[in-house]
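In the working numbering, the protein residues as written are 378 to 1117.
Before any comments, here is the structure.
What follows is the structure in structure tokens.
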């Protein structure tokens, strides 16, 4: 495109230049062959032309062109001396002006040639129609005879010259020729007409005062020149002002578009009200809130006609406008929560113009905040539960131990035995609750291995297969092939089992039967398990509470309110998520999302199982600050033929060790002054073999320090509360290992 433009421009300029310069040469030759060159008036006219061409040029605003008062001299030359002198003077005029306008030789040559061509064409046409006018210095012509020829000459010269210059500009800038001429040169016609009038006046005066015509011409030239200059300066000033206004308008238009784009791109709803509380502007986010109404329906409505800002009896827009104070509050709108910020709208003069309301959707933010509070609450409750559970373990150990000890007496009555069975069963039930509490409160990482989630699900369903079959509950399983992932299998089984049992109970209570769907699938780097039932669903008011510790809707004796809390903690420890979706009367679906982790941890060394043999009698030291626990352990072990000595503290145990020899030591860990781990270190320093035969009893297995200590020693431990058979199995195992 650029090459095509350059080619057109070169063709145009070279064509005009060759023709115009040819005419100049022809006119110069014709002038030389006549006596006109020796005319006393023509040579001074050339000198005057040179002066005015250099000093009397006025630039045309907006384009690289100019007009000069020397155009008047061209007309005078045509009237007094004829076509060829006029062509030469026009060439001289154009050459001087081009020197000031451009440094390009081709452009200068074109300007000279275009002026010469224009004068030649216009003068030739005028001479054809008015043969007695041009070159009339020696003729007697009346002033009235000059009017029409001069008008035609000026018009033709104006059209020819302006179109030749406009053509170059249009081609160079790739513009329309007529439009370029109309915008840049149409109004310059007045300069040509003014020059023609001035030329007519001068020629008329020269007829009567020939010797001094140059003196007479001078003031006229100055008048015409200053007329040009003032006129064109005004035009240029006006054009500059218009250009500035146009630029300012463009900037304002751009800023308006930019502001509107930004206004509508805001994710927060923005509403602007006037002082009459009518809506003036609303962005796209605001329109999205009022979906039932279009922008035309919303605008000019009062704030109270909208559901966004006002409540019954409370007009926030009115309050902001009347008080001029900022408003900041939280609103519940459109099934979500919004933070409302309202400010008075003040103009640059400090006058109140209305109010600006911004509504930020904080629904998700509130949900995340509630989740954080829930997590912190469960963490705090976990710490509390850990302490409470530990304190419960000691009395439960005594209750279970003494009850089982009495049960072993064959002389007790049947009714007493029945009562003891109740005590033992309820104590064990309490133990399960405490164990659940400890599981909920555990702060250590789960013991993870590579497991197949589908296998865990299948085993869990098998555990409940009989119960579900007899209660007419069907199970539909859709298990997608999954990669093995690093997890604590028993813990996840506890999660699945808890949810399945809850679903069973809900369906049975609702309609005495039910249908359950269990599905597993891979979603990128996660495994998603869904457990869906057709039970009564969870009421909306309970959805945010189901993971709270001790929250339950079951009757007394059927639930402790810890099941889902424990599930939540287990899934969190695995880096996953658990959440329900439910509607009242439409069933409940639990979603469990677990990350896929394929790198297995080191497996714990599996200890060989020693076959049970006849247990010989041993000298055993029992250390516990709880007297009843020490006594029940002593009683059970003595029934098995062991010799038992008890100590109620670590210090007392050390004193007994100084004076006696023992085959086995059973000790509590949490004791005042000298703790079980400190006792172990003292024994290890004195007798390392005896230290390896120590069995630890503790109800604080969730404590990290306790667990690390037990793992470090590698010794056996019995978690409190324990049943008597668990105690005996641990002691027998230790004695058997010692014998081996």
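Glycine included, each C-beta is placed from N, C-alpha and C at the ideal position.
No experiment lies behind these values; they were computed from the predicted model shown.
Would you kindly report the start and end of the unbroken alpha helix (DSSP H) that includes residue i?
{"i": "residue 497", "result": "482-506"}
{"i": "residue 1081", "result": "1081-1090"}
{"i": "residue 371", "result": "Coverage of the chain is limited to positions 378 through 1117, which leaves residue 371 absent and any answer about it impossible."}
{"i": "residue 469", "result": "460-478"}
In this structure, does DSSP put residue i in helix, strand or coil?
{"i": "residue 687", "result": "coil"}
{"i": "residue 704", "result": "strand"}
{"i": "residue 871", "result": "helix"}
{"i": "residue 1071", "result": "strand"}
{"i": "residue 914", "result": "coil"}
{"i": "residue 801", "result": "helix"}
{"i": "residue 1025", "result": "coil"}
{"i": "residue 553", "result": "coil"}
{"i": "residue 921", "result": "coil"}
{"i": "residue 565", "result": "helix"}
{"i": "residue 560", "result": "helix"}
{"i": "residue 619", "result": "helix"}
{"i": "residue 845", "result": "helix"}
{"i": "residue 1100", "result": "coil"}
{"i": "residue 1118", "result": "Since the first residue of the chain shown is 378 and the last is 1117, residue 1118 is not available in this structure."}
{"i": "residue 1048", "result": "coil"}
{"i": "residue 572", "result": "helix"}
{"i": "residue 1038", "result": "coil"}
{"i": "residue 511", "result": "coil"}
{"i": "residue 580", "result": "helix"}
{"i": "residue 610", "result": "helix"}
Identify the continuous beta strand (DSSP E) that holds residue i and give its terminal residues.
{"i": "residue 1096", "result": "1094-1096"}
{"i": "residue 400", "result": "No beta strand (DSSP E) holds residue 400; the alpha helix (DSSP H) holding it covers 379-409."}
{"i": "residue 1043", "result": "1041-1045"}
{"i": "residue 852", "result": "850-856"}
From the DSSP secondary-structure annotation, give me the bridge partner or partners of residue i.
{"i": "residue 909", "result": "894 and 966"}
{"i": "residue 715", "result": "708 and 738"}
{"i": "residue 863", "result": "827"}
{"i": "residue 900", "result": "903"}
Measuring CB to CB, does residue i end up less than 8 Å from residue j?
{"i": "residue 1009", "j": "residue 782", "result": "yes"}
{"i": "residue 1151", "j": "residue 547", "result": "The structure shown has nothing for residue 1151, since the chain only spans 378 to 1117."}
{"i": "residue 966", "j": "residue 960", "result": "no"}
{"i": "residue 1111", "j": "residue 1089", "result": "no"}
{"i": "residue 852", "j": "residue 895", "result": "yes"}
{"i": "residue 908", "j": "residue 880", "result": "yes"}
{"i": "residue 361", "j": "residue 787", "result": "The requested residue 361 does not occur in the structure, where the chain is confined to residues 378 to 1117."}
{"i": "residue 398", "j": "residue 455", "result": "no"}
{"i": "residue 500", "j": "residue 471", "result": "no"}
{"i": "residue 1074", "j": "residue 1087", "result": "no"}
{"i": "residue 475", "j": "residue 496", "result": "no"}
{"i": "residue 964", "j": "residue 1002", "result": "no"}
{"i": "residue 1060", "j": "residue 1048", "result": "no"}
{"i": "residue 1042", "j": "residue 775", "result": "no"}
{"i": "residue 498", "j": "residue 533", "result": "yes"}
{"i": "residue 1013", "j": "residue 1044", "result": "no"}
{"i": "residue 460", "j": "residue 511", "result": "yes"}
{"i": "residue 503", "j": "residue 469", "result": "no"}
{"i": "residue 736", "j": "residue 717", "result": "yes"}
{"i": "residue 777", "j": "residue 801", "result": "yes"}
{"i": "residue 676", "j": "residue 667", "result": "no"}
{"i": "residue 1040", "j": "residue 997", "result": "yes"}
{"i": "residue 970", "j": "residue 905", "result": "yes"}
{"i": "residue 836", "j": "residue 861", "result": "no"}
{"i": "residue 875", "j": "residue 941", "result": "yes"}
{"i": "residue 368", "j": "residue 680", "result": "Nothing about residue 368 can be reported from this structure: the residues present for the chain run from 378 to 1117 only."}
Please tell me whether, using a cut-off of 7 Å, the distance from the CB of residue i to the nearest non-hydrogen atom of the ligand MG is below it.
{"i": "residue 571", "result": "The ligand MG is not part of this structure, which contains no ligands at all."}
- [ ] List in chain order: all unbroken beta strand (DSSP E) runs of 3+ residues lying wholly within the region 940-1020.
- [x] Segments of the beta strand (DSSP E) lying fully in the region 940-1020: 954-959, 965-972 and 996-1000.
Task: Completely contained beta strand (DSSP E) runs for the region 717-792, where each covers 3 or more residues - done: Restricting attention to beta strand (DSSP E) runs no shorter than 3 residues, the region 717-792 encloses them at 729-738, ordered along the chain.
- [ ] Would you mind listing the alpha helix (DSSP H) stretches within the region 637-680 that are 4+ residues and don't spill past its ends, in chain order?
- [x] Here the runs fully enclosed are 661-666 and 672-675.
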